[in-house]
Amino acid sequence: MQDGVFISDDSGATYTRILDYSTFSSAYTEVNIDLAAAAATAGLTLVDGFLIKFQGYDNYTIGTDGYSIDDVCICTPPAPLTVTAVANGSNVDLLWNDTGSNSYEVWYSLNTNYITPGGDCSNPAPYQCQEVQANSFTGIGWAAHPDLNFDYFVLDVNGCGQQSPWSQSSEQGSFTFPLGSNIPANLALTSTAQPQIDITAAAAPLTYILNYANASRYTADNVVITEAVPDGTTFNAGASTAGWTQVG
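Once you know that position 65 of the sequence shown is 71 in my numbering, the rest is easy, because the numbers rise by one and skip nothing.
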């Protein structure tokens with residue numbers, strides 16, 4: 007009962023064991039302990055004077071028995087970041103709250119809506135990922151246009167290598183779709199569209215609003231207007247102006 011990891015909330019006057027070494031084999035084993043949960047189970051609190059003890063105790067001679075404990079890392083799980091995205095010419099500037107971490111991961115996708123980042127940033131397929139040390143990042147050429155629609159996601163990484171969980175505040179998106187039409191030359195038809203859409207929730211539907219107006223004095227009869235949208239986009243809209251008919 008003397009081998010294991012122990013915790014104390016009274017500056018070491020008493021200890022409670024939260025991990026027993028005897029359950030392990032002779033192979034190297036990585037162990038993750040939720041200290042807050044372990045302390046709560048033991049009826050302890052994480053207060054000043056809270057101590058952690060790694061103990062191996064037996065009566066064998068040195069060299070014939072013992073434990074090797076390596077890479078002890080005590081970290082607070084990172085919280086979701088709040089990310090903003092601002093177009094800067096042809097680039098996109100990402101900025102997020104500085105948590106003091108030594109590392110952040112910027113995940114992004116090209117023409118893929120609602121990504122689910124995480125895992126190994128050095129092998130991020132099918133997405134892209136870059137590790138940065140500052141709380142800002144500039145995506146060169148990331149400004150949205152018909153051929154480059156991006157979804158951005160930033161994760162905080164603490165000293166233990168833990169990534170912050172997904173949150174709506176951690177994600178930004180920029181999507182712009184081409185606007186084209188087959189309009190008779192003698193019809194002064196103007197069209198306006200919502201040029202950029204910010205994605206604030208990965209699970210939310212993407213809404214793209216198109217507004218067409220007949221700027222001439224002629225009746226707009228038999229006019230066909232086409233709009234290119236990403237594959238998989240569902241069409242759910244209605245014509246509310248007299249003289250216009252939605253056909254597909």
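Glycine included, every Cβ here is placed at the ideal spot set by N, Cα and C.
These figures come from a predicted structure and were not determined experimentally.
What separation, rounded to the nearest whole angstrom, lies between the Cα atoms of residue i and residue j?
i    : j    : result
S28  : D9   : 7 Å
G125 : S107 : 18 Å
C127 : I75  : 27 Å
D16  : A42  : 16 Å
T35  : Y63  : 19 Å
V112 : C135 : 5 Å
G167 : G18  : 29 Å
S31  : Y73  : 11 Å
A11  : I24  : The sequence as given places Val at residue 11; Ala does not occur at that position. Taking the straight line joining both Cα atoms gives about 6 Å.
N38  : Q169 : 14 Å
Helix, strand or coil: how does DSSP classify residue i here?
i    : result
T258 : Because the chain here runs from 7 to 254, residue 258 falls outside it and cannot be looked at.
Q168 : coil
Q8   : coil
G254 : Low confidence applies here, because G254 scores a pLDDT of 45, under 50, leaving its location unreliable and the question unanswered by this model.
T51  : coil
Counting contacts by CB-CB distance shorter than 8 Å, is residue i in contact with chain D?
i   : result
I24 : Any reference to chain D falls outside this structure, which holds one protein chain only.
Using a 10 Å radius around the Cβ and a threshold of 16 neighbouring Cβ atoms, would you call residue i buried or exposed?
i    : result
L161 : buried
P132 : exposed
V78  : exposed
Q139 : exposed
G55  : exposed
Quick check on this structure: which residue in the options has the alpha carbon closest to the alpha carbon of residue i?
i    : options                  : result
N94  : A33, S173, V53 and F143  : F143
A46  : W102, G167, T22 and L116 : T22
Q61  : D26, V138 and Y133       : D26
T164 : Y34, S17, C81 and I39    : First, the residue type needs correcting, since residue 164 is Asn and not Thr in the sequence shown. Out of Y34, S17, C81 and I39, C81 has the C-alpha closest to the C-alpha of N164.
L116 : T90, W148 and W102       : W148
Could you tell me whether the region 98-108 touches the region 156-169, using the rule of 3 or more Cβ pairs below 8 Å?
Verdict: yes, contact present.
Segment contact, 8 Å Cβ cut-off, at least three pairs: the region 168-176 with the region 81-94:
The region 168-176 vs the region 81-94: in contact.
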